[in-house]
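J.: I have a structure I would like to understand better, so I am pasting it below and will then ask my questions one at a time.
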Amino acid sequence: ARRKGKNQIEFFDPAQMEAAQQRLSEESDLLSALENQQFAIWLQPQVDTATDNVCSAEVLLRQKQPNGQWELPADLIERIEACGLIVAVGYWVLEESCRLLAAWQHKGIMMPLSVNLSALQLLHQNMVSDLLMLMKRYRIATGTLILEVTESHRIDDPQKAVDILRPLREAGVRVALDDFGMGYAGLLQLQHMKSLPVDILKIDKAFVDLIPDDTSMVSAIIQLARSLNLEIVAEGVENQAQYEWLKAAGVESVQGYLFARAVQPEIFEQDYLSGSRP
Ligand code: C2E
Ligand code: CA
Ligand code: CA
Ligand code: CA
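Structure follows, in structure tokens:
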């Protein structure tokens with residue numbers, strides 16, 4: 387037991403000790419996974435509704451499973467966050483993405499990549515300088531790196547978000563607000579959005595799922611995005627009816643299983659960058 391305050395004694399809690407040990411072993415497992423190339427980035431195409439062509443891709447983390455398959459276990463991101471490794475893993479994802487962008491741009495291909503950023507990563511003090519350094523080292527062309535941040539990041543201080551995102555946008559990064567409509571304050575937070583440094587709004591799959599039966603929410607979101615001059619991406623598009631509706635509504639691009647799931651970068655290059663397929 388150790389002393390706490392004047393007369394209080396805090397007893398050693400075996401359950402807490404166990405939890406701490408578990409976190410430590412989880413951390414070393416994840417670190418060795420990172421070192422042993424058990425993580426990979428996969429790319430899900432995004433399709434331009436005006437041309438039906440692939441116009442960009444979202445970078446999605448995958449982990450090699452014992453059965454040899456590459457998947458993203460449902461709780462992996464949370465576990466990475468819980469043991470404090472999200473900044474390291476997030477940096478790795480950013481660097482892999484910059485490496486791909488640089489290789490493409492070297493060949494004159496200006497396909498943008500959209501990378502997910504966890505809230506903890508966004509708020510980390512070195513994030514901005516680290517990312518600026520990566521962009522410089524890989525000579526990333528303006529507008530080709532997009533950061534996806536979510537509304538539910540609960541950035542309590544909107545000014546803080548502005549301060550973080552401004553230098554990145556000045557360096558040519560674009561910012562997408564991911565999972566829009568799913569945040570804790572939902573549409574009520576809109577007042578803050580006018581000053582938020584965001585370029586793209588991603589409509590969450592939950593609203594796309596309701597098309598064409600109930601389009602009231604998705605219509606409201608589109609109207610809002612228009613009034614804020616934001617480009618719109620709809621995610622989770624699984625059928626043709628949804629695609630037609632979104633296209634007619636003027637949504638710029640869509641992403642979903644109707645077109646493709648995430649694939650390995652080599653497959654993405656083969657299928658969408660080699661010019662051998664429409
Ligand atoms: P998200 O950012 O909302 O990413 C979209 C998720 O929806 C992806 O799942 C994608 O595979 C899936 N999806 C895309 N189209 C469809 C569709 O038509 N139908 C259905 N049912 N699902 C579709 P995934 O790859 O399992 O990723 C889950 C979440 O994990 C992501 O949600 C994102 O929040 C997080 N995540 C993935 N990669 C990263 C990463 O590198 N960093 C961070 N911080 N988070 C990541
Ligand atoms: Ca995303
Ligand atoms: Ca999303
Ligand atoms: Ca989502």
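With the UniProt record's numbering, the residue at position 27 of the sequence shown is 413, and numbering never jumps.
Glycine included, C-beta positions come from ideal geometry on N, C-alpha and C.
In this structure, does DSSP put residue 373 in helix, strand or coil?
T.: Absent from the structure is residue 373, since the part of the chain shown begins at 387 and ends at 664.
J.: Quick one: measure Cβ to Cβ for ASP434 and SER639, integer angstroms, because I've assumed they're closer than 8 Å.
T.: With a beta-carbon spacing of about 5 Å, ASP434 and SER639 fall inside the 8 Å limit used to define contacts.
J.: Closer than 6 Å: is that where the CB of ASP564 sits relative to any heavy atom of ligand 3?
T.: At least one heavy atom of ligand 3 is nearer than 6 Å to the Cβ of ASP564, so yes.
J.: For GLU464, does the three-state DSSP call read helix, strand or coil?
T.: helix
J.: Tell me which residues share the same chain as residue 337 and place their Cβ nearer than 6 Å to its Cβ, disregarding the 5 neighbours each side in the sequence.
T.: Within the shown structure, residues of the chain are numbered from 387 to 664, placing residue 337 beyond reach of any answer.
J.: Could you check whether CYS441 and GLN430 sit closer than 7 Å to each other, using their CB atoms as the reference points?
T.: Their beta carbons are not under 7 Å apart, which means GLN430 does not touch CYS441 by this criterion.
J.: Assuming residue 338 contacts VAL445 (C-beta within less than 8 Å), just tell me the rounded distance between them.
T.: Residue 338 lies beyond the stretch modelled for the chain, which goes from 387 to 664, so this question has no answer here.
J.: State yes or no: is the C-beta of GLU467 nearer than 6 Å to some heavy atom of ligand 2?
T.: no
J.: Beta carbon of LEU471, beta carbon of SER483: below 7 Å?
T.: no
J.: Counting C-beta neighbours from all protein chains within 10 Å, is the total for PRO452 16 or more, i.e. buried, or is it exposed?
T.: exposed
J.: I'd like the ranges of any alpha helix (DSSP H) spanning at least 4 consecutive residues and lying wholly in the region 446-521.
T.: 462-468, 472-492 and 505-509
J.: Should ALA489 be listed as close to ligand 6, given that the test is whether its C-beta is under 6 Å from any heavy atom?
T.: Of the ligands this structure carries, namely ligand 1, ligand 2, ligand 3 and ligand 4, none is ligand 6.
J.: Under 6 Å: does the beta carbon of GLU534 sit that close to some heavy atom of ligand 2?
T.: yes
J.: Reducing DSSP to helix, strand and coil, say where GLU652 ends up.
T.: helix
J.: In the DSSP output, what is THR536 paired with across the bridge?
T.: For THR536, which the question treats as bridged, DSSP gives the partners ASP564.
J.: Rounded C-beta distance between ALA468 and ARG409? I'm assuming under 8 Å.
T.: 7 Å
J.: Ligand 3 and GLU621: does the residue's C-beta get closer than 6 Å to at least one heavy atom of that ligand?
T.: Result yes, Cβ under 6 Å from ligand 3.
J.: Spatial neighbours of ALA406 within its chain, please: CB distance less than 8 Å, with the 5 preceding and 5 following residues excluded, ordered by chain position.
T.: none
J.: How about LYS588 and VAL619: are their beta carbons less than 7 Å apart?
T.: The answer is yes: Cβ separation under 7 Å.
J.: Just mark GLU652 as buried or exposed, buried being the case when its beta carbon has 16 or more other beta carbons within 10 Å.
T.: Counting other Cβ atoms within 10 Å of its Cβ, GLU652 stays below 16 and is therefore classed as exposed.
J.: Should VAL584 and LEU610 be called a contact, given that it needs their Cβ atoms to be closer than 7 Å?
T.: no
J.: Starting from the Cα of LEU447, find the closest Cα among ARG552, ASN439, ASP438 and LEU458 and give me that residue.
T.: LEU458
J.: So if I measure from each beta-carbon to every heavy atom of ligand 1 and keep distances below 5 Å, which residues remain?
T.: LEU446, LEU447, LEU458, ILE463, VAL479, ASN502, SER504, GLY622, GLU624, GLY642 and TYR643
J.: Quick check on DSSP: helix, strand or coil for VAL623?
T.: If DSSP states are grouped into helix, strand and coil, VAL623 belongs with coil.
J.: Quick check: the Cα distance between ALA635 and ASN422, rounded to an integer number of angstroms?
T.: 46 Å
J.: Whose C-alpha, out of LYS580, GLY529 and ALA426, is nearest the C-alpha of PRO544?
T.: Cα-wise, what sits closest to PRO544 is LYS580.
J.: Can you tell which of PRO598, MET519, GLN449 and LEU518 has the C-alpha that lies nearest to the C-alpha of GLN628?
T.: PRO598
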